[in-house]
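Residue numbering for the sequence shown follows numbering that gives the first Met the number 0, beginning at 0 and increasing consecutively.
C-beta atoms are modelled at their ideal positions from N, C-alpha and C, and glycine is treated no differently.
Below is one structure, written out as structure tokens; comments come after it.
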Amino acid sequence: MAKKRKEKSFSSFLNNPIDFTLLITILLLLSIGLIMVLSASSPSALAESGDSYSYFSKQLIFGILGIIAMLFISKIDYRFYQKFYKHAWWISLILLALVLIIGRKVNGAQRWIYVTETLSVQPSEAVKLLMIIFYAGILMKNRDQLDLYGKGFVKHMCFLAPIIGLLLLEPHFSASIVIIGICAIMMITAGCKFWHFAATGGVVGVPALIALVITAPYRLQRVVTFLDPWKDEKGDGWQVIQSLYAIGSGGLFGAGLGESKQKFLYIPEPHNDFIFSILGEELGFIGCVAVLILFAIFIWRGILIAMRAPDMFGSLVAIGITALVAIQVIINVAVVTSSMPATGMPLPFFSYRRNRLVHITM
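Written as structure tokens, this is what we have:
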């Protein structure tokens, strides 16, 4: 009898209606992202490999695989993940420790594990999702204590400390910011007091952030460059200045798709973190607003799904995934518009390579 009820529950989940608004929004973002990768990467791809479609073809393959994975995973009952929320924390620790042990250092950072010379994995991307599952589970389990400072705020932030510590050893500052932001939003949504975050952030968080910046010369240089990029316009300020030129020259309607000038080796790797500046140059203010509206719709649907979830675990998973996309969009757009110091943050559905867990070099 119990088996029949379980099968009925699983089959009813399979028959749940798809949120077509969210699905169409994702497909539109992915389609525009693929078009922009093709446009932004063509000069770089041609110069490097002689094939202007090389970056686009790889992005297209992963885009198709992503859609297939999305449709498959959407049919899995999310309550299945709740059983393994504790494992998610341990797996995160093991993955980040493995990066420090067997990962390859590139440009001063040790973030990738190379399976072969052409296949590499970035564990921090998996850790973002694993931490969403872990915090959804642990917050649901301890929901009656979340309004307390010690057993609510401090206890659950302690689970985050070793994860952030390992990320800073890589170092991977941007991933640390994203994971802290996701977990903070999930904790507040679950019932932790906002003033606990505000008070502790002012006393501990801000001094810790200042110390991290001061003790790392490259981070300090990024802050100095942010304050006045034109002081070193041919050095550290080059990328953000070229980004501002690109966005500014786009005007209201843009120069036209494919007509960007800054992508011709002025902006380094324009198909990665600074792809939004090429979008602004080619599609103008109208194009940028249209893309940001699509991201706003994604966030709106994510919040609605969280509100309508039948249990707390499902609600927190939905909030976590929505926060993951929202934080990365906000930081990426802020960086390319020189509204905050530069940090390696991909634009979801747009940036080439860095928004993927696995990277294949062809």
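Quick check: the Cα distance between residue 91 and residue 129, rounded to an integer number of angstroms? For this step, residue 91 is matched to residue 92 along the sequence shown. For this step, residue 129 is matched to residue 130 along the sequence shown. The alpha-carbon atoms of residue 91 and residue 129 are separated by roughly 7 Å.
Can you list, in chain order, the residues of its chain whose CB lies under 8 Å from that of residue 324, leaving out five sequence neighbours each side? On the sequence shown, position 325 is the one that residue 324 refers to. Closer than 8 Å at the Cβ level, and outside the excluded window around residue 324, lie 294, 297, 298, 301 and 347.
Suppose the cutoff is 6 Å on Cβ atoms and the five residues either side in sequence are ignored; what does the same chain contact list for residue 29 look like? Indexing the sequence shown from 1 puts residue 29 at position 30. These residues qualify, in order along the chain: 62 and 348.
Cβ-based neighbour list, residue 2, same chain, cut-off 6 Å, excluding 5 preceding and 5 following: Counted from its first residue, the sequence shown places residue 2 at position 3. Low confidence applies here, because residue 2 scores a pLDDT of 48, under 50, leaving its location unreliable and the question unanswered by this model.
Could you give the first and the last residue of the continuous alpha helix (DSSP H) run that contains residue 220? For the purposes of this step, residue 220 is identified with residue 221 of the sequence shown, where counting begins at 1. Residues 216 to 226.
Assuming contact is defined by CB atoms lying nearer than 7 Å, are residue 217 and residue 241 in contact in what I supplied? For the purposes of this step, residue 217 is identified with residue 218 of the sequence shown, where counting begins at 1. For the purposes of this step, residue 241 is identified with residue 242 of the sequence shown, where counting begins at 1. Against a cut-off of 7 Å, the Cβ pair of residue 241 and residue 217 comes out as no contact.
Only counting the same chain, and skipping five residues up and downstream in sequence, which positions put a Cβ closer than 8 Å to that of residue 175? Along the sequence shown, read from residue 1 onward, the residue named residue 175 stands at position 176. Cβ neighbours of residue 175 beyond the five flanking positions: 163, 166 and 167.
Please report the straight-line C-alpha distance between residue 57 and residue 159, rounded to a whole angstrom. Mapped onto the sequence shown, residue 57 falls at position 58. Mapped onto the sequence shown, residue 159 falls at position 160. Computed Cα separation, rounded: 34 Å.
Express the C-alpha separation of residue 252 and residue 271 in angstroms, rounding to a whole number. For the purposes of this step, residue 271 is identified with residue 272 of the sequence shown, where counting begins at 1. For the purposes of this step, residue 252 is identified with residue 253 of the sequence shown, where counting begins at 1. When the Cα atoms are used, residue 271 and residue 252 turn out to be separated by approximately 23 Å.
With DSSP collapsed to three states, give me the class of residue 17. Working through the sequence shown from its first residue, we reach residue 17 at position 18. Note: residue 17 maps to coil in three-state DSSP.
May I have the straight-line CA-CA distance separating residue 225 from residue 331, to the nearest angstrom? As a working mapping, residue 225 is identified with position 226 in the sequence shown. As a working mapping, residue 331 is identified with position 332 in the sequence shown. Cα-Cα distance, rounded: 14 Å.
Would the beta-carbon of residue 121 fall within 7 Å of that of residue 110? Position 122 of the sequence shown, counting from 1, holds the residue named residue 121. Position 111 of the sequence shown, counting from 1, holds the residue named residue 110. A contact, by the Cβ cut-off of 7 Å.
Which of helix, strand or coil does DSSP assign to residue 118? By 1-based counting over the sequence shown, the position of residue 118 is 119. It is a strand residue.
Confirm, please, whether the CB-CB distance from residue 69 to residue 278 is below 7 Å. Residue numbering aside, residue 278 sits at position 279 when the sequence shown is read from its first letter. Residue numbering aside, residue 69 sits at position 70 when the sequence shown is read from its first letter. Judged by their CB atoms, residue 278 and residue 69 are not nearer to each other than the 7 Å cut-off.
Buried versus exposed call for residue 269 [16 or more other C-beta atoms within 10 Å across all chains shown]: As a working mapping, residue 269 is identified with position 270 in the sequence shown. It counts as buried.
Return helix, strand or coil for residue 109, following the three-state DSSP convention. Here residue 109 corresponds to residue number 110 of the sequence shown, with the count starting at 1. Collapsing the DSSP output to three states places residue 109 in a strand.
Are three or more beta carbon pairs between the segment 309 to 325 and the segment 172 to 191 nearer than 8 Å? Counting Cβ pairs under 8 Å, three or more are found: they touch.
Taking residue 119 and residue 112 to be in contact with their CB atoms under 8 Å, please state how far apart those CB atoms are, rounded to whole angstroms. As a first step, residue 119 is located in the sequence shown; it is residue number 120 there, counting from the start. As a first step, residue 112 is located in the sequence shown; it is residue number 113 there, counting from the start. In this structure residue 119 is in contact with residue 112, their Cβ atoms being roughly 7 Å apart against a cut-off of 8 Å.
Three-state secondary structure (DSSP) at residue 57? Locating residue 57 in the sequence shown gives position 58, where the first residue counts as 1. In the structure shown, residue 57 sits in a helix (DSSP, three-state: H, G or I).
Assigned exposure category for residue 326 - 16 Cβ within 10 Å defines buried: Position 327 of the sequence shown, counted from the first residue, corresponds to residue 326. Classification for residue 326: buried.
Considering only residues of the same chain and omitting the five flanking positions on each side of residue 372, which have a CB-CB separation below 6 Å? Residue numbering for the chain in the displayed model covers 0 to 361; residue 372 lies beyond these limits and cannot be assessed.
Bridge partners of residue 104, per DSSP? One-based indexing of the sequence shown puts residue 104 at position 105. Paired residues: 109.
Classification of residue 137 by the beta-carbon crowding that lies within 10 angstroms, buried from 16 upward: Along the sequence shown, one-based indexing puts residue 137 at 138. With a threshold of 16 other beta carbon atoms within 10 Å, residue 137 meets it and is buried.
Let me confirm a value: residue 20 is counted as buried when at least 16 other C-beta atoms fall within 10 Å, else exposed. Which label applies? Start at 1 with the first residue of the sequence shown, and residue 20 comes out as number 21. Exposed: under 16 other Cβ atoms inside 10 Å.
Contact set for residue 304: own chain, Cβ-Cβ below 6 Å, skip 5 residues either direction: The residue given as residue 304 occupies position 305 in the sequence shown. Cβ neighbours of residue 304 beyond the five flanking positions: 317.
May I ask you to report which of helix, strand or coil DSSP gives residue 261? The residue labelled residue 261 in the question sits at position 262 within the sequence shown. Shown here, residue 261 sits in coil according to DSSP, grouped into three states, outside any helix or strand.
Secondary structure of residue 51, DSSP reduced to three states: Within the sequence shown, numbered from 1, the residue matching residue 51 stands at position 52. Three-state DSSP puts residue 51 in coil, outside helix and strand.
Rounded straight-line distance, which links the Cα of residue 243 to that of residue 232: As a working note, residue 232 is residue 233 in the sequence shown. As a working note, residue 243 is residue 244 in the sequence shown. Using only the alpha carbons, I get a separation of about 12 Å.
Assuming the contact rule is C-beta atoms closer than 8 Å, residue 238 and residue 267 should be a hit. Round their C-beta distance to whole Å, please. Translated into positions along the sequence shown, residue 238 becomes position 239. Translated into positions along the sequence shown, residue 267 becomes position 268. Contact check for residue 238 and residue 267: beta-carbon distance about 6 Å, within the 8 Å limit, so the pair qualifies.
Neighbourhood of residue 146 by C-beta distance below 8 Å, restricted to the same chain and skipping five residues each side: Taking the first residue of the sequence shown as 1, we reach residue 146 at position 147. The beta carbon of residue 146 sits closer than 8 Å to the beta carbons of 190, 191 and 192 from its chain, once the five residues preceding and following it are set aside; these are given in chain order.
With DSSP run on the structure shown, which of helix, strand or coil describes residue 302? In the sequence shown, residue 302 corresponds to position 303, counting from 1. In the structure shown, residue 302 falls within a helical segment according to DSSP collapsed to helix, strand and coil.
Alpha carbon of residue 140 to alpha carbon of residue 45, nearest angstrom: Translated into positions along the sequence shown, residue 140 becomes position 141. Translated into positions along the sequence shown, residue 45 becomes position 46. Approximately 53 Å between the Cα atoms of the pair.
Counting only runs that start and end within the segment 170 to 199, where is the beta strand (DSSP E) found for 3 or more residues in a row? DSSP runs (the beta strand (DSSP E)) wholly in the segment 170 to 199: none.
Cβ pair residue 84, residue 132 closer than 7 Å: As a working mapping, residue 84 is identified with position 85 in the sequence shown. As a working mapping, residue 132 is identified with position 133 in the sequence shown. Yes, the Cβ-Cβ distance between residue 84 and residue 132 is below 7 Å.
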